[in-house]
Structure formats: structure tokens, C-alpha cells
Amino acid sequence: MKKKIKITVLAISILVISGCSNANSQPNHSMMNNEEMDDSMMNMDGNMMGNRHMSHDGVVSLNDSTGENELKIPAMLERDNKEEVAYTVRAQIGKTEIFDGIETNTYGYNGTFLGPMLRLEKGDTVKIRAINELDENTTFHWHGLEVAADADGGPHDVIKPGEEKIIEFKVEQEAATLWFHPHPEGKTSEQVYNGLAGLVYIEDDNSKSLGLPTDYGKNDIPLIFQDKTFDDKKQLNYRAAMNDDGTIGDTLLINGTLNPKLTVNKEKVRLRLLNGSNARNFTFKLNTGDSFIQIATDGGFLNAPVTLNEITLTPSERAEIVVDFSQLNLENGLALINEDGSVLLPFEVSDQSGAISRIPGEMNDFSLTVEEKDLPVTKKVELFGMMDMVMINGKKFDADRIDFTQQQGVTEVWEIYNRPDMMGGMIHPFHIHGTQFKIISRDGEEPSEYEQGWKDSIAVHPGERVKIAIQFNHKGVYMFHCHILEHEDNGMMGQIEVK
Ligand code: C2O
Ligand code: CU
Ligand code: CU
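Here the numbering used here is used: the first residue of the sequence shown is 445, the next is one more, and so on.
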């Protein structure tokens, strides 16, 4: 209890000191009602111990994690048999005890909430038996996997209730932390919100030889961040919580754990961060102000580790970071906190020293060539609008319309422009299926070191123009869209046919 108060005080003082430095980091136009506004104002001004505060631009803050529950680690999915890389993944309906003694109706893969972790290796030929046990259509989309469009699980790949499908692909890309989730047209946000999301790890010779922490659940920890709103019966009532501009909740779940804490040894711990929220942006930092090391972006390792004090991930983005718990001062309690100071994940550090691992200075050979940088822009994407009037190049999604075509294996430069609106606009996390791309520039400037790696989603700020170099290695029709899931469902999505 004592520790919790300390963390809260610390978090709030960081909030006060840091002020409103990062005005663009939250997704929404102001969407609070007055009641919430009054409530949170009072906490800011009057009751400093209150744990429901409001960030500078009107997004409901997350309740601080009390740390009373040990973080759940998703099970590693077992193969169906020894002879082949075959897995079964079922989308299911279930009940989950998120709050003590209360059953919440949820969705999950091979379980009642969220899904297992699929560990694949580069070179694997993978066969997945995907079964829909829901009472509505769904799809199985592999976010970040470079696979042929017929295995990608976009809105065209519907599996009806009670039906199943065998999905086959070969893993040809390098080690990375990817994920999977449903993608049925107009229903992605609700199905993800109800609990459909799981992890895909790709490992390769490089990832296994670098000497990084690799002990799953011990010093190599997945963290799926999702914010939810629970109604007074502690149910996820998506229709009631839904906001056309992105559904934001006040309750954080990490790997489906309410009020999580993570117990670690005094060692280097690798955290694989996934923003699995419908719409909320996170800016992760340590409550002590200490730095950490980023080692990977969405689609692979950085060439060299980057030291950071904070990292922002918009919906669907991933980053891998390493925190060295043998080097940190533990006296005042350590926690991962958000931009506005809310406590996301308190750490409990044991006395044990743990494994010896290292962060090598060279991890990858990612490069953006001069030729790629000099290519002319051949595709332009303009993101515009808000609420249910969100569009790409002035159009809403039409499953029967192909917006772009590109040749297989040919690199093109896309320019993505986020056209501001009268209220200033908001960040749109722009995602492309079936490939990993390279950022050439943001408003003409070279991207920061921590973005110089493979990406499949990119935060585009209001008024910003981002250039990316992109190549597809497989054929078929792929989606590109805003990964604020309500924007996607509202039609901020287009299709590219790779020929
Ligand atoms: Cu995370 Cu269209 O996908
Ligand atoms: Cu995707
Ligand atoms: Cu958007």
C-alpha cells in the first residue's frame, strides 16, 4: 500500500513537471462530456491522490495500476503434431474473470480472452487451421506478416460461424514481434475490443545468436496494452463505449490483466511492447526518468540499440525495449508510466540476479539506399476527416474498388499526408498489409534513429507528410488503412492490388 502511494505521488509530480510538452501524442479531438471533465479537474486541482485525471487535450486518462495482480503471460501455442508446423487457432466466445469474482463476456483465441503466442521461425512453412466458433463472421489477419494476399486475412477472407479454413504461408522475413487479429469489414473494432488479439513471434538465426534476453515470460516479456471501458456490471459494452473517432477507455489491461505488476530479477529484461488498443496512443517511460534501450521496431531489429527516455506507440505499432533492472535505483519503486503520469505497470524486482544477457552494438543490416531515397513519389495517400467521415484520398472503403496497383518486387515511394481539419486534426496510425516498409522522411527530415528499421504502421501527425519506400513480395489484394479501428471500420481504408 505504501509503495502504491509513493508511485502515485511520483507519477503526479512527473505530470506536473513535464507539463504539456507533447501536444500531439493523444489521438482524439476533445470528446469528454462535462461530467467527466469536472471530475477529472477536481482530481487535478483538489485531490492529488485521485487516480482519474485528464491529459492536456481532453483524453480520459487511464486509472493507475495498483499492481495487485501478477501480469499474465500468453501461453505459447503448441503445434498440432510433431511432423509439421501446424497450428489450430479458434476464435471463441467465453467468460473471463477480469475483476475478482465477476464474469465478463469476452472473445478470445483458444481461450476466453486474447490469444496465445505463435512462435514461428524464418523458413517455416506454416499451416494454420483457423476455426470460427463465434456467432458472427470473422477473419484471421496476420499483422506484419509478409504473406500472399490470400493468406493475409483481410476483409475478403471471411470465415462464417462454424466454418474453418486452412491458411498456409512460408515465413520469409526476419525476426520480429507481430500480431494477429480479426478484420471483418465494419466489425474489426468491436471484435478486437471484445478480446480477439494474439502475438506472432518470428525468430531466426540472428535473433537466436545475439545474446539478448530470450527466456519467454521471464526476461523476454510480451506486453499487450489495451484500454477498455467496463460498464457498471463490469461488462465490455462496445456499443455503449464506442466513439466514432476512436474508442478510448479508462481501464488499462496488459495481456488482459487488470492492475498488473511484473516481477523480474535483477537482470536485463526485454519488453515487447504492442499497442493493441482501438485508438489510444501510449508514450511509455520509467517513473524514475531513467532511460531504456530500444532494440526493435515493428518488423525487426534496429541496426544498433538506441537509448531513449520515452517512446510513443500508436495503435498497432510495436517496439522492443530492454530495461536493465540490475542498474536501476529501486528505492522509490519502479514503474512503467504513460505520458501523463498514469502508472501502467509497476515492477517488483526480486533479489535474484538472473541471467546474463547482452545488447550487442550491431544487431541488423537494415538500410535505406540512395536509390530508394531518390525515387519519385508514385503513390499519394491523403488522410482526412474525423468521426464517421474519415476518408483516404476523398473516398471511403469500397470492397469492389482497387485504389492502387503495384508490381510485385518493385520498390515504390508512397507519400502519406495527414490533411489537418478545422480543429487541427489528429494522428492517424497508417498501416499497410503484407509487407514491411522503410521510412524515408517526415516532412523532408530523416526519421529519428528509433524509426530507422522495418515498419508496417506509422504515426502520421496532423499536417505531416511522410515518405516511405515500400515493396511487396507477394501478389494479391491488400488493405492499407488507419489503425484507429473505428476509422478503419468507418471506411478509412483502401486496397492495393499487387500484380
Ligand atoms: Cu492490424 Cu489491417 O490491420
Ligand atoms: Cu495488418
Ligand atoms: Cu485515423
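Even for Gly, the Cβ is constructed at its ideal location relative to N, Cα and C.
Quick caveat, the model's predicted, so the values are computed rather than measured.
(request) Decide if residue 814 is buried, meaning its Cβ has at least 16 other Cβ atoms within 10 Å, or exposed. (result) Here residue 814 refers to the residue found at position 370 of the sequence shown. Exposed: under 16 other Cβ atoms inside 10 Å.
(message) Cutting at 6 Å between CB atoms, please list the residues of its own chain near residue 611, excluding the five before and the five after it.
(response) Taking the sequence shown and counting its residues from 1, the one referred to as residue 611 is at position 167. Taking C-beta separations shorter than 6 Å and ignoring five residues to either side along the sequence, the partners of residue 611 in its chain run 572, 574 and 595, following chain order.
(message) Suppose you measure from the CA of residue 921 to the CA of residue 940; what does that come to, to the nearest Å?
(response) Translated into positions along the sequence shown, residue 921 becomes position 477. Translated into positions along the sequence shown, residue 940 becomes position 496. Inter-residue distance for residue 921 and residue 940 is about 6 Å (C-alpha atoms, whole angstroms).
(request) Confirm the yes/no value for this check: CB of residue 885, any heavy atom of ligand 1, distance under 7 Å. (result) In the sequence shown, counting from the first residue as 1, residue 885 sits at position 441. Checking the Cβ of residue 885 against ligand 1 gives no.
(message) Rounded to the nearest angstrom, what separates residue 558 and residue 642 at their Cα positions?
(response) The sequence position of residue 558 within the sequence shown is 114, counting from 1. The sequence position of residue 642 within the sequence shown is 198, counting from 1. C-alpha separation (whole angstroms): 6 Å.
(request) Closer than 5 Å is what we want: which residues have a beta carbon that near any heavy atom of ligand 3? List them in chain order. (result) With the cut-off at 5 Å, the residues found are 872, 926, 928 and 931.
(request) State buried or exposed for residue 738, treating a residue as buried only when at least 16 other CB atoms are found within 10 Å of its CB. (result) Mapped onto the sequence shown, residue 738 falls at position 294. Burial check for residue 738: the Cβ neighbour count within 10 Å reaches 16 or more, so the residue is buried.
(request) Report the rounded CA-to-CA distance for residue 695 versus residue 786, giving the unit in angstroms. (result) Taking the first residue of the sequence shown as 1, we reach residue 695 at position 251. Taking the first residue of the sequence shown as 1, we reach residue 786 at position 342. Taking the straight line from one Cα to the other gives about 11 Å.
(request) Can you give me the Cβ contacts of residue 520 inside the same chain, cut-off strictly under 7 Å, excluding the 5 residues immediately before and after it? (result) Counted from its first residue, the sequence shown places residue 520 at position 76. For residue 520, where only same-chain residues beyond five positions count, the Cβ hits under 7 Å are 560, 561, 563 and 660.
(message) Please give me, in chain order, every unbroken run of the beta strand (DSSP E) with length at least 3 that falls completely inside the stretch 627 to 686.
(response) Listed in chain order, the complete beta strand (DSSP E) runs (minimum 3 residues) inside the stretch 627 to 686 are 642 to 647 and 664 to 672.
(request) Please name the residue or residues paired with residue 768 in a DSSP beta bridge. (result) In the sequence shown, residue 768 corresponds to position 324, counting from 1. The partner list for residue 768 (beta bridge, DSSP) reads 712.
(request) Classify residue 794 as buried or exposed, calling it buried when 16 or more other Cβ atoms lie within 10 Å of its own Cβ. (result) The residue given as residue 794 occupies position 350 in the sequence shown. Around the C-beta of residue 794, fewer than 16 other C-beta atoms lie within 10 Å, and the residue is accordingly described as exposed.
(message) Quick check: residue 897 and residue 744, are their CB atoms within less than 8 Å of each other?
(response) Counting from one through the sequence shown, the residue named residue 897 turns up at place 453. Counting from one through the sequence shown, the residue named residue 744 turns up at place 300. Yes, these two residues count as a Cβ contact at 8 Å.
(message) Does residue 825 come out as helix, strand or coil in the three-state DSSP assignment?
(response) As a working mapping, residue 825 is identified with position 381 in the sequence shown. In the structure shown, residue 825 sits in a strand (DSSP, three-state: E or B).
(request) Leaving aside the five residues before and after residue 804 along the sequence, list all residues of the same chain whose C-beta is less than 7 Å from its C-beta, in chain order. (result) Within the sequence shown, numbered from 1, the residue matching residue 804 stands at position 360. Excluding positions up to five away in sequence, the list reads 654 and 655.
(request) Check whether the stretch 620 to 627 touches the stretch 574 to 594, counting contact only when three or more Cβ pairs, one atom from each stretch, lie closer than 8 Å. (result) Result yes; three or more Cβ-Cβ pairs closer than 8 Å.
(request) Check each candidate in 592, 509 and 933 and name the one with the smallest Cα separation from residue 943. (result) As a working mapping, residue 943 is identified with position 499 in the sequence shown. 592 is the residue among 592, 509 and 933 whose C-alpha sits nearest the C-alpha of residue 943.
(message) I'd like to check one pair, residue 742 with residue 588: are the Cβ atoms closer than 8 Å?
(response) Taking the first residue of the sequence shown as 1, we reach residue 588 at position 144. Taking the first residue of the sequence shown as 1, we reach residue 742 at position 298. Judged by their CB atoms, residue 588 and residue 742 are nearer to each other than the 8 Å cut-off.
(request) Whole angstroms is fine: what's the gap from residue 847's alpha carbon to residue 823's? (result) Position 403 of the sequence shown, counting from 1, holds the residue named residue 847. Position 379 of the sequence shown, counting from 1, holds the residue named residue 823. C-alpha separation (whole angstroms): 10 Å.
(message) Suppose contacts are defined by Cβ-Cβ distances below 8 Å. Is residue 936 in contact with residue 827 by that definition?
(response) Here the question's residue 936 lines up with position 492 in the sequence shown. Here the question's residue 827 lines up with position 383 in the sequence shown. Cβ atoms of residue 936 and residue 827: closer than 8 Å.
(request) Specify whether the stretch 698 to 716 and the stretch 506 to 518 touch according to this definition: at least 3 beta carbon pairs, one from each stretch, less than 8 Å apart. (result) Yes: at least three Cβ pairs fall under 8 Å.
(request) Have a look at residue 680 and residue 671 and give me their C-alpha separation to the nearest angstrom. (result) Here residue 680 refers to the residue found at position 236 of the sequence shown. Here residue 671 refers to the residue found at position 227 of the sequence shown. Cα to Cα, residue 680 sits roughly 11 Å from residue 671.
(message) Closest to residue 912 by C-alpha separation, out of 857, 615 and 871, would be which residue?
(response) The residue you call residue 912 lines up with position 468 of the sequence shown. Selection 857, 615 and 871 evaluated against residue 912 yields 857 as nearest (Cα-Cα).
(message) Using only the alpha-carbon positions, how far apart do residue 619 and residue 676 sit?
(response) Locating residue 619 in the sequence shown gives position 175, where the first residue counts as 1. Locating residue 676 in the sequence shown gives position 232, where the first residue counts as 1. Cα-Cα distance, rounded: 42 Å.
(request) Following the continuous alpha helix (DSSP H) through residue 780, name the residue where it begins and the one where it ends. (result) Taking the sequence shown and counting its residues from 1, the one referred to as residue 780 is at position 336. Membership of residue 780 in any alpha helix (DSSP H) is not indicated; the residue belongs instead to the beta strand (DSSP E) covering 778 to 781.
(message) I need the straight-line Cα distance from residue 860 to residue 875, nearest angstrom please.
(response) Locating residue 860 in the sequence shown gives position 416, counting from the first residue. Locating residue 875 in the sequence shown gives position 431, counting from the first residue. Cα-Cα distance, rounded: 11 Å.
(message) Once DSSP output is grouped into helix, strand and coil, what is the label at residue 814?
(response) Taking the sequence shown and counting its residues from 1, one reaches residue 814 at position 370. The answer is helix: DSSP assigns residue 814 an H, G or I state.
(message) Any heavy atom of ligand 2 inside 7 Å of the beta-carbon of residue 402?
(response) The requested residue 402 does not occur in the structure, where the chain is confined to residues 445 to 943.
(request) Please classify residue 924: is it buried, with 16 or more other beta-carbons within 10 angstroms of its beta-carbon, or exposed? (result) Taking the sequence shown and counting its residues from 1, one reaches residue 924 at position 480. Buried.
(message) Considering only heavy atoms of ligand 2, does any lie closer than 7 Å to the CB of residue 585?
(response) For the purposes of this step, residue 585 is identified with residue 141 of the sequence shown, where counting begins at 1. Of the heavy atoms belonging to ligand 2, at least one sits nearer than 7 Å to the Cβ of residue 585.
(message) Restricting to Cα atoms, I'd like to know which of 551, 692 and 615 is closest to residue 566.
(response) By one-based count along the sequence shown, residue 566 stands at place 122. When each option's Cα is compared against that of residue 566, the closest is 615.
(message) At a cut-off of 7 Å, would you count residue 686 as near ligand 1, judging by its Cβ distance to the nearest heavy atom?
(response) The residue given as residue 686 occupies position 242 in the sequence shown. Checking every heavy atom of ligand 1 against the Cβ of residue 686, none is found closer than 7 Å.
(request) Please say whether residue 692 and residue 723 have beta carbons closer to each other than 8 Å? (result) Taking the sequence shown and counting its residues from 1, the one referred to as residue 723 is at position 279. Taking the sequence shown and counting its residues from 1, the one referred to as residue 692 is at position 248. In this structure, residue 692 lies closer than 8 Å to residue 723 by Cβ.
(request) Taking only heavy atoms of ligand 1 into account, decide whether any of them is closer than 7 Å to the Cβ of residue 866. (result) Within the sequence shown, residue 866 is the residue found at index 422, counting from 1. Placement of the Cβ of residue 866 at a distance of 7 Å or more from every heavy atom of ligand 1 is found.
(request) May I ask you to report which of helix, strand or coil DSSP gives residue 600? (result) Looking up residue 600 in the sequence shown gives position 156. In the three-state reduction of the DSSP assignment, residue 600 falls in the coil class.
(request) Determine the burial state of residue 771: buried for a count of at least 16 other Cβ atoms within 10 Å of its Cβ, exposed for fewer. (result) Residue mapping note: residue 771 aligns to position 327 of the sequence shown, counting from 1. Under this definition residue 771 is an exposed residue.
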